[in-house]
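Novice:
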Amino acid sequence: MIPRRLQRLATGLRERLEAQPGVVGRAAQLARHARPAAELALADRGTLRAWMRYIGPIHTSLGVQAETGYTRLVLRAVKIEARTGRLVALTLPDQLARVRPERQRDYFELLELVLSTRPNALGLVARTLPELMERLSGPALRRFLSEGLNLHTSSERVAESFLKRESERGQQELERLTLGLPLKEVSRALALYARAHCGEDVQVRADPGASSAQPAWSEGRHIHLPERVDRYGDERDFLIYRVLTARTAGYLEFGTFDLHLQQVPGEWPTAHPGEGDLERFLRSFPNKSLARDLFRLAEDARVEARVIAEYPGIARDLAVLRPDELALRPEIGDLAPAEQLVEALLRRSWGAPFSDDLPIRVRAAAEAAWSLLRPESVRGVEDVAAAVQSAFPLAYRLMTFVEDGDLRPNDGQGQGGSGRRDRVETPDVGRGADSREDDAGQPQDGYRGLEEPMLGTALRPEALSAEDRAEDEAARELRAAMTEEGLDATLSEIRRALRQQTPLNDRSYDEMVAFLERNAAPEGAIVEDSETPSRPGPLPGPLGAALDPDNDPAAPSFLYPEWDQGIGDVKPQWTRVREHVLTPGSREFVTSVLEEHGPTLRGLRKRFQALRPEALRRVKGLVDGDILELDRAIDARITARSGGSPSERLYTRQLRDQRDVAVAFLLDMSSSTNEVAGRGRQTDHPGRERGPGAHR
Numbered sequence: 165m166i167p168r169r170l171q172r173l174a175t176g177l178r179e180r181l182e183a184q185p186g187v188v189g190r191a192a193q194l195a196r197h198a199r200p201a202a203e204l205a206l207a208d209r210g211t212l213r214a215w216m217r218y219i220g221p222i223h224t225s226l227g228v229q230a231e232t233g234y235t236r237l238v239l240r241a242v243k244i245e246a247r248t249g250r251l252v253a254l255t256l257p258d259q260l261a262r263v264r265p266e267r268q269r270d271y272f273e274l275l276e277l278v279l280s281t282r283p284n285a286l287g288l289v290a291r292t293l294p295e296l297m298e299r300l301s302g303p304a305l306r307r308f309l310s311e312g313l314n315l316h317t318s319s320e321r322v323a324e325s326f327l328k329r330e331s332e333r334g335q336q337e338l339e340r341l342t343l344g345l346p347l348k349e350v351s352r353a354l355a356l357y358a359r360a361h362c363g364e365d366v367q368v369r370a371d372p373g374a375s376s377a378q379p380a381w382s383e384g385r386h387i388h389l390p391e392r393v394d395r396y397g398d399e400r401d402f403l404i405y406r407v408l409t410a411r412t413a414g415y416l417e418f419g420t421f422d423l424h425l426q427q428v429p430g431e432w433p434t435a436h437p438g439e440g441d442l443e444r445f446l447r448s449f450p451n452k453s454l455a456r457d458l459f460r461l462a463e464d465a466r467v468e469a470r471v472i473a474e475y476p477g478i479a480r481d482l483a484v485l486r487p488d489e490l491a492l493r494p495e496i497g498d499l500a501p502a503e504q505l506v507e508a509l510l511r512r513s514w515g516a517p518f519s520d521d522l523p524i525r526v527r528a529a530a531e532a533a534w535s536l537l538r539p540e541s542v543r544g545v546e547d548v549a550a551a552v553q554s555a556f557p558l559a560y561r562l563m564t565f566v567e568d569g570d571l572r573p574n575d576g577q578g579q580g581g582s583g584r585r586d587r588v589e590t591p592d593v594g595r596g597a598d599s600r601e602d603d604a605g606q607p608q609d610g611y612r613g614l615e616e617p618m619l620g621t622a623l624r625p626e627a628l629s630a631e632d633r634a635e636d637e638a639a640r641e642l643r644a645a646m647t648e649e650g651l652d653a654t655l656s657e658i659r660r661a662l663r664q665q666t667p668l669n670d671r672s673y674d675e676m677v678a679f680l681e682r683n684a685a686p687e688g689a690i691v692e693d694s695e696t697p698s699r700p701g702p703l704p705g706p707l708g709a710a711l712d713p714d715n716d717p718a719a720p721s722f723l724y725p726e727w728d729q730g731i732g733d734v735k736p737q738w739t740r741v742r743e744h745v746l747t748p749g750s751r752e753f754v755t756s757v758l759e760e761h762g763p764t765l766r767g768l769r770k771r772f773q774a775l776r777p778e779a780l781r782r783v784k785g786l787v788d789g790d791i792l793e794l795d796r797a798i799d800a801r802i803t804a805r806s807g808g809s810p811s812e813r814l815y816t817r818q819l820r821d822q823r824d825v826a827v828a829f830l831l832d833m834s835s836s837t838n839e840v841a842g843r844g845r846q847t848d849h850p851g852r853e854r855g856p857g858a859h860r
């Protein structure tokens, strides 16, 4: 029998612990840490200190699983070598933070495998593995890692370049093991396909940051697609690329970015410098995120209908992909009322009926909004803007009601609760007001935004480059001037004319009008190799003070491969060359170089002249030619009069020399030549040099 006094003590202690759950958690944590701390204290005090420093933050930030795996790996490492234990304890927390929670178990398993087979490679693998796990998984990841460890046996630097995918070998192996369809295999076909749609020199560009949350987009100039599609692993992946390309090219072909706000009723905000009409239109709504989603789904429905009408093959592709796209949509019941409305409108634009799960108020608002936004009700992008302007209050009002029962309208009593609460005035749209969203673009009023569809395409006019934005602004000014003169031209036609005409400063309004009247919009595909990057033209604007090209963010840049002797391989797209226009400088430097190195330059010029072959040479003593050789003719005449047999080779002719010599002069401007170029010189002080024979 337990004494009653001890029972009361135990009961009181249990009640106190239950009242302070944090105490129980800390006690359990201390119990978990006691044994590892003792083992580390016996093995290496430095590892113990590092482990104690990070174990708490790991538990707080990453959870018990990360804490347990970290501790287990540190214990295994310190048993191999104290230095390895300290390395793991100090460096692993930063790398562990880059691993998604669902991949932590795989991360620790692979590190333990490396620790048991090649412990000296553990640091390298721990650094490179988190990013690798975003691209590979399962057997493919293990094969790639095994190849890198084999290279580590001969050279750590080669292995590091391989695991980081810096070397050509690493990139090729990753490409071989990665599932799905890479864009580079189909980019040329897609580019020709897009140009056949919109008749412009549009490029298909890979967007490394694209994902299922944002698969494709356009800024109004080009098409940006994900680097790889791996949803199905068969020919349907190419169908996804084709549908994304057709829909995004449809934005350009059917004038999505040609919005003319003057043709949309309302008073719109004053345009910011360089701001397009589409950006200004969306800025006028109190919730920009909601307005953007409504505009997108309505414009997508209009463009998709136009694309299907022009290119019926897209309908077959959509018929294959759309059932899966619908199946991936979120549950209606998990969304807020305004989000339910937008989701219902999106599905309706795909041909699906309104769900029976929609609350009564949301369904009524959705039916009213769809009557405004459906493709049959709009013809151009201005019609879509006007429809969104009318439909926006229907969605915005749903944000001002607390979800209550079926949101059935009532006078405050009846089924489902107390009815309306905290209703807010629905703001006017198109009255010259600015959006209430903050500068970071965070949505207001709790609207979380539309979950991106599988075949989603986005509009990003804000991503337009400075050069294209200046061109767009010039096109809008020309359109305004032409409208005043009673002439009509689309922005696409004007932009195309601007690209083909002389520079903007040399172009007059009359010349532009004449050009547009002479040249209709081109039809068909524009023949251009999409794999060849377009070279930007001269930098706009007057030349200013010289800038360091390495620090000039506006300077165009180009990536080139580089051979790395240390790893014996090529590093693709490794060297970045920045183009920068320099201001005219003084000729003093050129004059001083010519004076100092004049003899060397003259000698070099003579050497090259000696290598240069004569293009033509005169051949003498021919039976037939273009010029009679006087000396041979006289000799032949003398021989004949003396009774001899004269020669018939009396002519000369200019013949092309068959010898072809190519001469190249390579000037190495890299920093590696600095020491060689300065050899033989001595310097008293900076900026003053002495020749080899000078005395101190």
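Convert by adding 164 to the 1-based position in the sequence shown; the result is the number in the numbering used here. We put the CB at the ideal spot given by N, CA and C, even for glycine.
Which partner residues does Arg-369 have in the DSSP bridge list?
Specialist: Here residue 369 refers to the residue found at position 205 of the sequence shown. In DSSP, Arg-369 forms a bridge with His-388.
Novice: Assign Ser-721 to one of three DSSP states: helix, strand, or coil.
Specialist: In the sequence shown, residue 721 corresponds to position 557, counting from 1. Strand at Ser-721.
Novice: Taking the alpha-carbon of Ile-798 as reference, which of Leu-723, Pro-429, Glu-812 has the nearest alpha-carbon?
Specialist: The sequence position of residue 798 within the sequence shown is 634, counting from 1. Distances from the alpha-carbon of Ile-798 to those of Leu-723, Pro-429, Glu-812 put Glu-812 closest.
Novice: Compare the C-alpha of Ala-355 against each of Leu-345, Val-366, Leu-623 and name the closest.
Specialist: The count along the sequence shown starts at 1 and reaches residue 355 at position 191. Of all alpha-carbon atoms in Leu-345, Val-366, Leu-623, the one lying nearest the alpha-carbon of Ala-355 is that of Val-366.
Novice: Please classify Thr-666: does DSSP put it in a helix, a strand, or coil?
Specialist: On the sequence shown, position 502 is the one that residue 666 refers to. Because the pLDDT at Thr-666 is just 47, under 50, the model does not fix this residue reliably, and the point stays unresolved.
Novice: Would you give the residue range spanned by the beta strand (DSSP E) that Gln-737 belongs to?
Specialist: Mapped onto the sequence shown, residue 737 falls at position 573. Taken as a continuous stretch (DSSP letters only), the beta strand (DSSP E) holding Gln-737 covers 733 to 742.
Novice: Considering only C-alpha positions, which residue in the set Ala-645, Arg-659, Met-646 is nearest to Glu-635?
Specialist: Sequence index remark: in the sequence shown, residue 635 carries index 471 (1-based). Closest by alpha carbon: Arg-659.
Novice: Compute the Euclidean distance between the alpha carbons of Arg-369 and Ile-244, then round it to the nearest angstrom.
Specialist: Here the question's residue 369 lines up with position 205 in the sequence shown. Here the question's residue 244 lines up with position 80 in the sequence shown. Near 49 Å, if we compare the C-alpha coordinates of Ile-244 and Arg-369.
Novice: What first and last residue would you give for the beta strand (DSSP E) that runs through Ser-806?
Specialist: As a working note, residue 806 is residue 642 in the sequence shown. Neither: Ser-806 is in no beta strand (DSSP E) and is coded neither H nor E.
Novice: Can you check DSSP and say which residues form a bridge with Pro-346?
Specialist: Position 182 of the sequence shown, counting from 1, holds the residue named residue 346. DSSP, once it has assigned bridges, lists Arg-392 as partnering Pro-346.
Novice: Cα separation between Ser-806 and Ala-800?
Specialist: Mapped onto the sequence shown, residue 806 falls at position 642. Mapped onto the sequence shown, residue 800 falls at position 636. Cα to Cα, the separation comes out at about 10 Å.
Novice: Please classify Gln-426 as buried or exposed, where buried requires at least 16 neighbouring CB atoms within 10 angstroms.
Specialist: Looking up residue 426 in the sequence shown gives position 262. Flag for Gln-426 reads exposed.
Novice: Count Cβ pairs between the region 504 to 524 and the region 458 to 476 that sit closer than 8 Å; are there 3 or more?
Specialist: yes
Novice: CB-CB under 6 Å to Ile-791, same chain, minus the five flanking residues each way: which ones, in chain order?
Specialist: Here residue 791 refers to the residue found at position 627 of the sequence shown. Excluding residues within five positions, the ones whose Cβ falls inside 6 Å are Thr-816.
Novice: Would you tell me roughly how many angstroms separate the C-alpha atoms of Arg-796 and Arg-771, rounded to the nearest one?
Specialist: For the purposes of this step, residue 796 is taken as residue 632 along the sequence shown, with counting starting at 1. For the purposes of this step, residue 771 is taken as residue 607 along the sequence shown, with counting starting at 1. Going from the Cα of Arg-796 to the Cα of Arg-771 covers about 36 Å.
Novice: Could you spell out where the beta strand (DSSP E) holding Leu-382 opens and where it closes?
Specialist: Walking along the sequence shown from the start, residue 382 turns up at place 218. Note that residue 382 is Ser in the sequence shown, not Leu. Residues 380 to 382.
Novice: Note down, in chain order, each residue of its chain lying with its Cβ closer than 6 Å to the Cβ of Cys-148, except the 5 sequence neighbours on either side.
Specialist: A query on residue 148 cannot be resolved here, the shown segment of the chain reaching from 165 to 860 and no further.
Novice: For Ala-622, which residues does DSSP report across the bridge?
Specialist: Indexing the sequence shown from 1 puts residue 622 at position 458. Looking at the DSSP assignment, Ala-622 forms a beta bridge with Trp-381.
Novice: Are the CB atoms of Ile-387 and Ala-358 nearer to each other than 7 Å?
Specialist: Sequence index remark: in the sequence shown, residue 387 carries index 223 (1-based). Sequence index remark: in the sequence shown, residue 358 carries index 194 (1-based). It is a contact, given that the beta carbons lie within the stated cut-off.
Novice: Which same chain residues end up closer than 6 Å to Phe-722 when comparing Cβ atoms and leaving out the 5 residues on each side of it in sequence?
Specialist: To locate residue 722, count along the sequence shown from 1; it is residue 558. Result list for Phe-722: Val-741, in chain order.
Novice: Looking at C-alpha atoms only, which residue of Gln-818, Gly-650, Leu-614, Arg-633 is the closest neighbour of Glu-439?
Specialist: Here residue 439 corresponds to residue number 275 of the sequence shown, with the count starting at 1. The option with the nearest alpha carbon to Glu-439 is Arg-633.
Novice: For the region 490 to 500 against the region 435 to 453, do three or more pairs of beta-carbon atoms, one drawn from each stretch, fall closer than 8 Å, so that the two count as touching?
Specialist: no
Novice: For the alpha helix (DSSP H) that contains Glu-540, what are its first and last residues?
Specialist: In the sequence shown, the residue the question calls residue 540 occupies position 376. Membership of Glu-540 in any alpha helix (DSSP H) is not indicated, and neither H nor E is assigned to it by DSSP.
Novice: Does the Cβ-Cβ distance between Ala-380 and Thr-621 come in under 7 Å?
Specialist: Position 216 of the sequence shown, counting from 1, holds the residue named residue 380. Position 457 of the sequence shown, counting from 1, holds the residue named residue 621. Cβ distance < 7 Å, so Ala-380 and Thr-621 count as in contact.
Novice: Just verifying my parser: in three-state terms, what is the DSSP assignment at Ala-685?
Specialist: Taking the sequence shown and counting its residues from 1, the one referred to as residue 685 is at position 521. Because Ala-685 sits at a pLDDT of 44, beneath the cut-off of 50, its placement in the model cannot be relied upon, and the point is left open.
Novice: Return the residue from the list Ala-516, Leu-423, Glu-431 that minimises the CA-CA distance to Arg-543.
Specialist: Translated into the one-based positions of the sequence shown, residue 543 becomes position 379. It is Leu-423 whose Cα lies nearest to the Cα of Arg-543.
Novice: What first and last residue would you give for the alpha helix (DSSP H) that runs through Asp-270?
Specialist: Here the question's residue 270 lines up with position 106 in the sequence shown. From DSSP, the alpha helix (DSSP H) with Asp-270 extends over 268 to 281.
Novice: Arg-527 and Phe-518 look like a contact to me (Cβ under 8 Å); what is the Cβ gap, rounded to whole Å?
Specialist: The sequence position of residue 527 within the sequence shown is 363, counting from 1. The sequence position of residue 518 within the sequence shown is 354, counting from 1. So it is a contact: roughly 6 Å between Cβ atoms.
Novice: Using CA coordinates, which residue listed in Leu-499, Arg-466, Glu-626 is at the minimum distance from Asp-547?
Specialist: On the sequence shown, residue 547 is found 383 positions in, with the first residue counted as 1. Of the candidates Leu-499, Arg-466, Glu-626, the one whose C-alpha sits nearest the C-alpha of Asp-547 is Arg-466.
Novice: Put Trp-727 into one of helix, strand or coil per three-state DSSP.
Specialist: Within the sequence shown, residue 727 is the residue found at index 563, counting from 1. The three-state secondary structure of Trp-727, taken from DSSP, is strand.
Novice: Taking buried to mean at least 16 other C-beta atoms within 10 Å of its own C-beta, is His-761 buried or exposed?
Specialist: Taking the first residue of the sequence shown as position 1, residue 761 is located at position 597. The residue is exposed, with fewer than 16 neighbouring Cβ atoms inside 10 Å.
Novice: Does Asp-652 pass the burial test, meaning 16 or more other C-beta atoms within 10 Å, or should it be called exposed?
Specialist: Here the question's residue 652 lines up with position 488 in the sequence shown. Exposed: under 16 other Cβ atoms inside 10 Å.
Novice: Count the other CB atoms, across all protein chains shown, that sit within 10 Å of the CB of Gly-220; report buried if there are 16 or more and exposed otherwise.
Specialist: Residue mapping note: residue 220 aligns to position 56 of the sequence shown, counting from 1. Gly-220 is exposed by the Cβ-count criterion.
Novice: Excluding sequence positions up to five away, which residues of its chain have a Cβ less than 6 Å from the Cβ of Gln-229?
Specialist: Translated into the one-based positions of the sequence shown, residue 229 becomes position 65. Result list for Gln-229: Gln-268, in chain order.
Novice: Can you give the beta carbon distance from Val-428 to Ala-549, rounded, assuming they're within the 8 Å contact cut?
Specialist: Residue 428 sits at position 264 when you count from the first residue of the sequence shown. Residue 549 sits at position 385 when you count from the first residue of the sequence shown. Right, their Cβ atoms sit about 5 Å apart.
Novice: Taking just the CA atoms, how far does Leu-251 sit from Arg-231?
Specialist: Walking along the sequence shown from the start, residue 231 turns up at place 67. Walking along the sequence shown from the start, residue 251 turns up at place 87. Just to set this straight, residue 231 is Glu in the shown sequence, not Arg. When rounded, the distance between both Cα atoms is 17 Å.
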